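Q: Just dropping this structure here.
2 protein chains.
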Amino acid sequence: MIHRCAAVVLLFAAVYSFEYEELKQYVDSHEGDYIKALREWVAIESDSSDATKRGELHQMMEVVGEKLRKLGGKVELVDIGTQQLPDGETLPLPKVVTAEFVDDGGNKSTVCVYGHVDVQPAKKEDGWSTDPYNLTDINGNLYGRGASDNKAPVLAWIHAVEAYKALNMELPVNVKFLIEGMEETGSNGLDAMVESKKDSFFSDVDYIIISDCGWLSRRPALTYGTRGNCYFFAEVEGPKQDLHSGVYGGTVIEPMTDLIGILDSLISPSGKILVPGIREAVAHFSDEEWRMYHDIQFDVDSYRAKIGVDRLMYNNKVELLAHRWRHPTVSIHGIEGAFSAPGTKTVIPAKVIGKFSIRQVPDMEPATVEKQVTEYLQSVFAKRKSPNKLKVKMVIGAKPWLADTKRALYEAGKAAVKRVFNVDPDLIREGGTIPVARTLEDVTHKEIIMLPIGGFDDGLHSQNEKMSRFNYIEGTKLFISYLHEVSQIKKN
Amino acid sequence: MIHRCAAVVLLFAAVYSFEYEELKQYVDSHEGDYIKALREWVAIESDSSDATKRGELHQMMEVVGEKLRKLGGKVELVDIGTQQLPDGETLPLPKVVTAEFVDDGGNKSTVCVYGHVDVQPAKKEDGWSTDPYNLTDINGNLYGRGASDNKAPVLAWIHAVEAYKALNMELPVNVKFLIEGMEETGSNGLDAMVESKKDSFFSDVDYIIISDCGWLSRRPALTYGTRGNCYFFAEVEGPKQDLHSGVYGGTVIEPMTDLIGILDSLISPSGKILVPGIREAVAHFSDEEWRMYHDIQFDVDSYRAKIGVDRLMYNNKVELLAHRWRHPTVSIHGIEGAFSAPGTKTVIPAKVIGKFSIRQVPDMEPATVEKQVTEYLQSVFAKRKSPNKLKVKMVIGAKPWLADTKRALYEAGKAAVKRVFNVDPDLIREGGTIPVARTLEDVTHKEIIMLPIGGFDDGLHSQNEKMSRFNYIEGTKLFISYLHEVSQIKKN
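Those sequence lines, one after another, are chains A and L.
Residues 1 to 492, numbered by my numbering, are exactly what the first sequence covers, in order.
Residues 493 to 984, numbered by my numbering, are exactly what the second sequence covers, in order.
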């Protein structure tokens, strides 16, 4: 029995190796088309944070739907309602695109690929070397806003399906797509949509795949965790309106001085979070974890050089990775209401809002963090004896996510990486937050894998974001191969 | 001898009283015209800080020149060159308007009235109740950007001259005008222009009058001092570019954290300046000064209520006025380079510039302050052991100004106030800076008086700036009367 079984497995493996060679050649011979497709997508300024670009965002979703429809998918553009802007205006949300490539009678597993096609804001004046909405190839890197986050990975998934179809090969698993257009501003409307499709679109989904992240180095990686995010507004309000600092300076207790004072109490110069209770809540760093981190290929010096600083917060690889992935941190992003333009202005701002976030890790709880931060800042503020008013509010409370890398879904990922890149992947975590992972897990109770193809130096959310040709094309092959590997998982 | 002299004086006084009644009636009967003129000036968006409004600023200077020309003045629009914007663009500066109403053969004194017709930025969205560029009369207050600072006072001076002319009365003194269009952004180009006209336009000027300030309460005031201003940029630079706070947070020492830390070291919660040496340099507060302050009509409670805070930095009148006028203070205006928009952005800003100013008083020296602040901040920063770079730069170093209120110029002011308002003026100082006062004094060596007609609650530089009809119209009478009083000063 074992012999026959093993022989069959070997046979299937041999057949797939043959098929894979064909698929691989197909991908290589279509590199120009793939780049053209990415150029078209990048040219659409689908900035979800800018209400004036909502038209382009709607257009983007239509383009995605049309591309999937042409491939033969059963496509739906799901209306997820409207959003209300701070000024009271109501704006229609971009539709969510769902697509299904499903053999109705079959017994195949079904994967659902999640991605997004909205982007962060970008302007040439921010310091881009090229027009952010005109994909520009420089030495094999494709520069453009959204290239890596997340347009090329979404296209790579579509091209993976396309390759099977073009070669008249059966898809090894059923493939569904869930593509949204509000990820960069908090996936507005998505949670409710996922909840409403729990018993329809998601009912036959076995696995969820997210490729909205990147490798740690030049070595491919599988991602098994993300940090959460508790984003705070600390608002200090004083005078009725802005005052002239010459005329009034010295007579009023300025909201800016108070705000600077409380923001300065959050974190020490060496990076220690000063809010009581936060560090104590963090999960114990196990020896096994330490060994995993230790074995990861990661060059601290090139990471440092890439960022462009003389010294990092930690110079030891394990400590650095631990503080990137599994320890919380405080970042102060900026102040709303104060003078922020170039030049000089002699103003005493009347109301200022400090914005900071605490990256959330197991076993911290957002609700507890909100309480800890609010109480601490109010106590620091009380000591100042200021007549101004402080309001602390947590505006985002996104939980972290963590997967078990010993499950079959990750083993499939390791096999696919091995096939395409001939190396074992790093098992890594992500410092950032992908809240949809938690939502999809909580609502569908399906297993999730994060399968990144972005490079470690893609500059997400920054100037000069890029996707390399190599990662884009080899990434497409990885997805092709992964569909096969998932089909080998024995269904429960 | 004494008898005859006194009789002549009395006779002249009686004649002027008669003349003044006529002038006063003229002003009262032209209130509508004066408001129409102010409406026309306010409608011109002469914002000197906004390069896109430069056309309107040029137009504003033309309108001023034309109005003075029509009155019969010898008008010149003086070209003062160009300015370079931070982006390298060169922009022509608005011309400076000079006008002369001078009897060539006479032995009259000559006054030069300084004013400006550029304004601070204003947008309805900033929180204005009315369109800032459409003068709106609500309960006798004329709301509009630049109404009080400084368009109505400039118009009041022109109308004062106009009244004499319209009634065919000889001007009691020669009157010159010096009207600029760059005051709100630092009087770019004016110093050189004043220097170049030292031996021509300014050669026969005896006194300089500035009405670019306001009263302290409802009681008229003469202003005898202003604070200077040392404006600083503290720039902290770290990574090569902005980073995603999820991806990089916890691994880099963030420039924002460093900047918040050093800004927090400038001033204590109770308003004490923590930069060593600054407080020690301040001139001794004499008993005589204390008595002057004590006698000034100033209601701390209504000042507090107007600002809209529960408590001021000092609740004692003398202490409050002293810290407004003759003690230095630190104001933190804002941060350039950080996130300042509404909403959330998970960014680690790569380079941030903290902007703060120290109001400068006798006997502080700007050059010394620059050294003290720079050394102190660098030492605070050094203790943080940050790999980021700190640059401290003083971008404005404007000296304070102080006059002797016992001089004839101020006695003339007291007499004019007495005639128009039937009260003695408060002798006050200004918390803000009027750098041109120092320039005019240093270059021309002429005496200066500040003769305000703005109200204490005009909201300069703020939302809902206004000029009251009362101050505008009675202020015009004050200027008319002041020209007469100056003519009574015995020439040296």
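Every residue, glycine too, gets a C-beta built ideally from N, C-alpha and C.
Just so we're clear, the structure is a prediction, and the values are computed from it rather than from any experiment.
Using three-state DSSP, classify Met1/A as helix, strand or coil.
A: Counted from its first residue, the first sequence places residue 1/A at position 1. The predicted position of Met1/A is uncertain, since its pLDDT is 47 and thus under 50; a value taken from the coordinates is nonetheless stated next. Residue state, collapsed to three classes: coil.
Q: Starting from Gly753/L, trace the beta strand (DSSP E) both ways and give me its first and last residue.
A: For the purposes of this step, residue 753/L is taken as the residue at position 261 of the second sequence. Unbroken run through Gly753/L is the alpha helix (DSSP H), Pro747 to Leu755; no beta strand (DSSP E).
Q: I believe Leu263/A touches Ile332/A by the beta-carbon criterion, under 8 Å. Please report the beta-carbon distance rounded to the nearest angstrom.
A: In the first sequence, residue 263/A corresponds to position 263, counting from 1. In the first sequence, residue 332/A corresponds to position 332, counting from 1. Right, their Cβ atoms sit about 6 Å apart.
Q: Quick one: is the Cβ of Thr743/L within less than 7 Å of any heavy atom of the ligand MG?
A: Looking for the ligand MG in the displayed structure turns up nothing, as the structure carries no ligands at all.
Q: Going along chain L, which residues have a C-beta under 9 Å from Thr433/A?
A: For the purposes of this step, residue 433/A is taken as residue 433 along the first sequence, with counting starting at 1. Those within 9 Å of Thr433/A in chain L are Gly738 and Thr838.
Q: Return no unless some Cβ of chain A is closer than 8 Å to the Cβ of Met493/L.
A: The residue labelled residue 493/L in the question sits at position 1 within the second sequence. Confidence at Met493/L is low in this model, with a pLDDT of 47, below 50, so its placement is unreliable and the value that follows should be read with caution. Taking Cβ atoms only, chain A never reaches closer than 8 Å to Met493/L, which makes this a no.
Q: Could you please give me the residues that DSSP links to Arg803/L through a beta bridge?
A: Stepping through the second sequence from its first residue, residue 803/L is reached at position 311. Answer is none; Arg803/L lacks a bridge partner.
Q: Please check the pair Gly720/L and Pro858/L, which I expect to be a contact at CB under 8 Å, by giving their CB distance rounded to whole angstroms.
A: If you number the second sequence from 1, residue 720/L lands on position 228. If you number the second sequence from 1, residue 858/L lands on position 366. About 7 Å separates the two Cβ atoms, so the contact holds.
Q: Does the beta carbon of Lys53/A come closer than 8 Å to any beta carbon on chain L?
A: Taking the first residue of the first sequence as 1, we reach residue 53/A at position 53. No, Lys53/A lies away from the interface with chain L (no Cβ there is under 8 Å from its Cβ).
Q: Is the Cβ of Gly478/L closer than 8 Å to any Cβ of chain A?
A: There is no way to answer for residue 478/L, as the model of chain L reaches only from 493 to 984.
Q: Go to Ile158/A, then tell me how far its alpha helix (DSSP H) extends in each direction, as first and last residue.
A: Here residue 158/A refers to the residue found at position 158 when the first sequence is read from its first residue. Its alpha helix (DSSP H) spans residues Ala152 to Ala166.
Q: Which residue's Cα is closest to the Cα of Arg438/A: Tyr472/A, Ala412/A and Lys399/A?
A: By 1-based counting over the first sequence, the position of residue 438/A is 438. Nearest of Tyr472/A, Ala412/A and Lys399/A to Arg438/A, Cα basis: Lys399/A.
Q: Val739/L by DSSP, collapsed to three states: which one?
A: For the purposes of this step, residue 739/L is taken as the residue at position 247 of the second sequence. Looking at Val739/L - three-state DSSP - the assignment turns out to be helix.
Q: Does the beta carbon of Tyr526/L sit closer than 8 Å to a beta carbon anywhere in chain A?
A: Mapped onto the second sequence, residue 526/L falls at position 34. No, Tyr526/L lies away from the interface with chain A (no Cβ there is under 8 Å from its Cβ).
Q: Which two residues bound the contiguous alpha helix (DSSP H) that contains Lys885/L?
A: On the second sequence, position 393 is the one that residue 885/L refers to. Per DSSP, Lys885/L belongs to no alpha helix (DSSP H); it is in the beta strand (DSSP E), Lys881 to Ala890.
Q: Return the chain-ordered list of same chain residues with a C-beta closer than 6 Å to the C-beta of Gln83/A, the five sequence neighbours on each side being excluded.
A: As a first step, residue 83/A must be located in the first sequence, where it is residue number 83. So the qualifying residues of the chain are Leu91, Leu93 and Asn188.
Q: Mapping DSSP to helix, strand and coil, what is Tyr699/L?
A: Within the second sequence, residue 699/L is the residue found at index 207, counting from 1. Strand, per DSSP.
Q: With DSSP as the reference, please indicate the residues paired to Trp893/L in a beta bridge.
A: Walking along the second sequence from the start, residue 893/L turns up at place 401. Answer is Thr718/L, bridged to Trp893/L.
Q: Whose Cβ in chain L lies nearer than 9 Å to the Cβ of Thr223/A?
A: Your numbering for residue 223/A matches position 223 in the first sequence. Under the 9 Å cutoff, chain L gives no residues; its nearest Cβ is about 12 Å from Thr223/A.
Q: Have a look at Ala775/L and Val853/L and give me their C-alpha separation to the nearest angstrom.
A: Position 283 of the second sequence, counted from the start, is the residue given in the question as residue 775/L. Position 361 of the second sequence, counted from the start, is the residue given in the question as residue 853/L. One C-alpha to the other measures close to 8 Å.
Q: Please work out which residues of its chain come closer than 8 Å, Cβ to Cβ, to Ser757/L, disregarding the five sequence neighbours upstream and downstream, and give them in chain order.
A: Locating residue 757/L in the second sequence gives position 265, where the first residue counts as 1. Excluding sequence neighbours, Ser757/L sits near Leu766, Tyr868, Leu869 and Val872.
Q: Can you tell me where the alpha helix (DSSP H) holding Ile527/L begins and where it ends?
A: As a first step, residue 527/L must be located in the second sequence, where it is residue number 35. Glu523 to Val534 is the extent of the alpha helix (DSSP H) around Ile527/L.
Q: Could you tell me which of Gly105/A, Glu31/A, Ser196/A and Val117/A sits nearest to Val64/A, measuring between CA atoms?
A: Mapped onto the first sequence, residue 64/A falls at position 64. Per the Cα distances, Val117/A.
Q: Taking 8 Å as the cut-off, decide whether the C-beta atoms of Pro153/A and Gly144/A are in contact.
A: For the purposes of this step, residue 153/A is identified with residue 153 of the first sequence, where counting begins at 1. For the purposes of this step, residue 144/A is identified with residue 144 of the first sequence, where counting begins at 1. No, these two residues do not count as a Cβ contact at 8 Å.
Q: For a quick check, are the C-beta atoms of Lys385/A and Glu235/A less than 8 Å apart?
A: Numbered from its first residue, the first sequence carries residue 385/A at position 385. Numbered from its first residue, the first sequence carries residue 235/A at position 235. Not a contact, by the Cβ cut-off of 8 Å.
Q: State the Cα-Cα distance for the pair Pro768/L and Ile759/L, rounded to the nearest angstrom.
A: Stepping through the second sequence from its first residue, residue 768/L is reached at position 276. Stepping through the second sequence from its first residue, residue 759/L is reached at position 267. Distance between the alpha carbons of Pro768/L and Ile759/L is about 11 Å.
Q: For Met493/L, which residues from the same chain have a beta carbon less than 6 Å from its beta carbon, with the 5 sequence-adjacent residues on both sides left out?
A: Indexing the second sequence from 1 puts residue 493/L at position 1. In this prediction, Met493/L scores a pLDDT of 47, lower than 50, which makes its location untrustworthy; the coordinate-derived value is nonetheless stated afterwards. None.
Q: From the beta carbon of Ala412/A, is the nearest beta carbon of chain L less than 8 Å away?
A: Looking up residue 412/A in the first sequence gives position 412. Not an interface residue.
Q: Beta-carbon of Tyr143/A versus every beta-carbon of chain L: anything under 8 Å?
A: Locating residue 143/A in the first sequence gives position 143, where the first residue counts as 1. False, the Cβ-Cβ gap to chain L never drops below 8 Å.
Q: Can you list, in chain order, the residues of its chain with a C-beta nearer than 7 Å to that of Asn956/L? Leave out the 5 residues immediately preceding and following it.
A: Taking the second sequence and counting its residues from 1, the one referred to as residue 956/L is at position 464. Correct list, in chain order: Trp620, Ser621 and Tyr635.
Q: For Ile954/L, which of Val588/L, His937/L, Lys615/L and Lys881/L has the nearest alpha-carbon?
A: Here the question's residue 954/L lines up with position 462 in the second sequence. With the sequence shown as reference, residue 954/L is identified as Ser, and Ile is not the correct amino acid for it. Of the listed residues, the one whose Cα sits closest to Ser954/L is Lys615/L.
Q: Quick one: grab the DSSP three-state call for Gln980/L.
A: Residue numbering aside, residue 980/L sits at position 488 when the second sequence is read from its first letter. In the structure shown, Gln980/L sits in coil (DSSP, three-state: anything other than H, G, I, E or B).
Q: Is the region 253 to 260 of chain A touching the region 409 to 417 of chain A, taking contact as three or more C-beta pairs under 8 Å?
A: Judged by Cβ distances under 8 Å, the region 253 to 260 of chain A makes no contact with the region 409 to 417 of chain A, as fewer than three pairs qualify.
Q: Counting only beta-carbon separations shorter than 8 Å, does Lys847/L have a partner in chain A?
A: Residue 847/L sits at position 355 when you count from the first residue of the second sequence. So yes, Lys847/L belongs to the interface.
Q: Terminal residues of the continuous beta strand (DSSP E) containing Gly115/A?
A: The residue you call residue 115/A lines up with position 115 of the first sequence. Counting along the chain, the beta strand (DSSP E) containing Gly115/A begins and ends at Thr110 to His116.
Q: Just reading off the beta strand (DSSP E) that Ala591/L is part of, what are its end residues?
A: Position 99 of the second sequence, counting from 1, holds the residue named residue 591/L. Counting along the chain, the beta strand (DSSP E) containing Ala591/L begins and ends at Val588 to Phe593.
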